Amino acid sequence: MKLLPFTRPQIDEATIAGVVEVLRSGWITSGPQVKAFEAALSKRCGGRPVRAFSSGTAALEVALRLAGIGEGDEVITTPLSWVATANVILEVGARPVFVDIDPRTRNIDLNLVEKSTNRKTKAILPVDLAGLPVDRDRLYALSRSKHLRVIEDAAQSFGASWKGKPLGSFGDLVAFSFHANKNITTAEGGALVLPDEKLIPMCEKLRLQGVVRSGDDGMEVDVLGGKSNLTDVAARIGLGQLPRLKAFTQRRRVLAKKYFRLWKAGGDLPPADFENSNWHMFQVVLPDKADRAKFIARMRENGIGIGVHYPAMHLFALYRRLGWKAGQFPHAERVGRSIVTLPLFPAMADEDVARVCDAARKALA
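Position 111 of the sequence shown, counted from 1, bears residue number 112 in our numbering, the numbering being contiguous throughout.
Quick look at the structure:
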């Protein structure tokens, strides 16, 4: 039986040929393709400056550094995300402060954020889980009232929008991911949208070892930077993917609607948002009595791949050592125990959704 994975990138022959051209050119690290990719991203983001990175994680870390977040600071975030969201806060020397999720949207509960701020709180780092945007109006109203920076972890929401405006075209610092499982991919990669052109020089220094070049032979380093530049090979994949984003998103929405029509296996479905969400993932929270591991195994026996995105990260050993413990965020913990990601990618056929729903109903019976 052919495996139906929970996701699969879709790269056309023209893009593959373009990558071959880059490889033959001899210029395969950061170069003209990266600049073209950044320009295309900037156009999508309303002309705001954009810089490409080797990963969404690297973009997040640089965003925190650009916001001045460091030792002794606290950053409020969600416990329900890929662990990189909190790891980058630790990486810059700050402390992640977790806030429980809204059980309906599965995004950070903004009602709880205000209660968690103190004099050490310097920023909010929200995550758009599965591509469903956090309420941007409330988010930025809260950040203004508390004088906090916002670093949007939009790793999962490239192509999503808020009230008709593409994410990245407004707001503070916005980090995207183009990992292989994202709605468009560069194989590995990410991007950071900047709120001000004045941040470009520091962003570029932090991206590549703090280096500033001048003339034919001049070089200076005055800050500690990292090594997180995107390659031209990766950028060429991105340039081939970007024009297909609209079609990819439309197809994902069609498949998601079909899931809503056919799902009969129980559990909690995601919010049926077909205006803002990019439907990066279709996630179901299984019924409390269900054994998730057995469900995944039964689905695999039927040739269907299931993902787990994500366990509640405050329960990982790294974060338990920092004082977090079970019972603090009951909604995130319940969802983290029971959430599964069903197959959803543009190349799926309509009958694939029916196959998943039928297999899930039987697996949970």
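Quick reminder that beta carbons are idealized off the backbone N, C-alpha and C, glycines included. It should be emphasised that the depicted structure is a prediction, and the values quoted were computed from it without experimental measurement.
Task: Nearest-angstrom Cβ-Cβ length linking residue 256 and residue 230, presumed shorter than 8 Å - done: Taking the Cβ atoms as the reference, residue 256 lies roughly 35 Å from residue 230, outside the contact range of under 8 Å.
TODO: Could you check if residue 52 is buried or exposed, using at least 16 other CB atoms within 10 Å of its CB as the buried criterion?
DONE: buried
Task: Under 8 Å between C-beta atoms of residue 34 and residue 23 - done: Pairing residue 34 with residue 23 gives a Cβ-Cβ distance under 8 Å.
Task: Under 8 Å between C-beta atoms of residue 430 and residue 342 - done: Beyond the ends of the chain as shown, which are 2 and 366, falls residue 430; an answer cannot be given.
Open item on the list: With H, G and I counted as helix, E and B as strand and the rest as coil, what does DSSP make of residue 72?
Closed with: coil
- [ ] Could you tell me whether the Cβ atoms of residue 284 and residue 131 are closer together than 8 Å?
- [x] yes
Open item on the list: Only counting the same chain, and skipping five residues up and downstream in sequence, which positions put a Cβ closer than 6 Å to that of residue 72?
Closed with: Sequence-distant Cβ neighbours of residue 72 in its own chain, meaning closer than 6 Å and more than five residues away, are 94.
TODO: Kindly indicate which residue of 259, 142, 203, 254 has the alpha-carbon position closest to the one of residue 278.
DONE: 254
Task: Spatial neighbours of residue 205 in its chain, beta-carbon cut-off 7 Å, leaving aside the 5 residues before and after - done: 52
Task: Distance, residue 233 Cα to residue 39 Cα - done: 11 Å
TODO: Quick one: grab the DSSP three-state call for residue 251.
DONE: helix
TODO: Provide the residue span of the alpha helix (DSSP H) that contains residue 296, from first to last.
DONE: 293 to 302
- [ ] State buried or exposed for residue 261, treating a residue as buried only when at least 16 other CB atoms are found within 10 Å of its CB.
- [x] exposed
Open item on the list: Would residue 318 and residue 333 qualify as a contact pair, given that the criterion is a beta-carbon distance under 8 Å?
Closed with: No.
Open item on the list: Let me confirm a value: residue 236 is counted as buried when at least 16 other C-beta atoms fall within 10 Å, else exposed. Which label applies?
Closed with: In the assembly as shown, residue 236 is a buried residue. Its beta-carbon has 16 or more other beta-carbons within 10 Å.
TODO: Output the residue ranges of the beta strand (DSSP E) runs that lie fully inside the segment 223 to 288 and measure 3 residues or longer, sorted by chain position.
DONE: You should have 283 to 286.
Task: Rounded separation between residue 47 and residue 41 - CA only - done: 10 Å
TODO: Could you work out which residue in 265, 251, 60, 358 is closest to residue 303 when comparing CA atoms only?
DONE: 358
- [ ] Going by DSSP, name the residue or residues bridged to residue 35.
- [x] For residue 35, which the question treats as bridged, DSSP gives no partner whatsoever.
Open item on the list: Along the chain, where does the alpha helix (DSSP H) containing residue 202 start, and where does it finish?
Closed with: 201 to 208
Open item on the list: Tell me which residues share the same chain as residue 325 and place their Cβ nearer than 6 Å to its Cβ, disregarding the 5 neighbours each side in the sequence.
Closed with: Its chain contains 315 as the residues whose beta carbon lies nearer than 6 Å to that of residue 325, once the 5 sequence neighbours on both sides are disregarded; these appear in chain order.
- [ ] Taking only the alpha-carbon atoms, compute the straight-line gap between residue 366 and residue 105 and give it to the nearest angstrom.
- [x] 24 Å
Open item on the list: Can you find the residues in the same chain that come closer than 7 Å, C-beta to C-beta, to residue 364, ignoring five residues on each side of it along the sequence?
Closed with: 296, 299, 300
- [ ] Verify the CB distance criterion: does residue 172 have a CB-CB separation below 8 Å to chain B?
- [x] Here there is only one protein chain, and chain B is not present.
Task: Residue(s) in a DSSP beta bridge with residue 177 - done: 192
Task: Supposed close pair residue 135, residue 109 - CB separation, criterion 8 Å - done: Yes, residue 135 and residue 109 are in contact; Cβ-Cβ is about 6 Å, under 8 Å.
Task: Contact belief for residue 111 with residue 143 at Cβ below 8 Å, rounded distance in angstroms - done: Right, their Cβ atoms sit about 6 Å apart.
Open item on the list: residue 239 and residue 179 - do their beta-carbons sit closer together than 8 Å?
Closed with: If you check the CB distance, residue 179 and residue 239 come in under 8 Å.
- [ ] On a CA-only basis, which of 198, 123, 227, 160 is nearest residue 276? Give me that one, please.
- [x] 160
Task: Simplified DSSP assignment, three categories, for residue 49 - done: coil
TODO: Thinking residue 67 and residue 203 are a contact (beta carbons under 8 Å), I'd like their distance in whole angstroms, please.
DONE: 6 Å
Task: Limits of the unbroken beta strand (DSSP E) element including residue 124 - done: 122 to 126
TODO: Assign residue 157 to one of two classes, buried (16 or more other C-beta atoms within 10 Å of its C-beta) or exposed (fewer than that).
DONE: buried
Open item on the list: Strictly by DSSP, which residues pair up with residue 308?
Closed with: Paired residue(s): 342.
- [ ] Determine the contact status of residue 207 and residue 224, defining contact as a CB-CB distance below 8 Å.
- [x] yes
Task: Counterpart residues of residue 219 in DSSP-defined beta bridges - done: The beta-bridge partner set that DSSP reports for residue 219 consists of 215.
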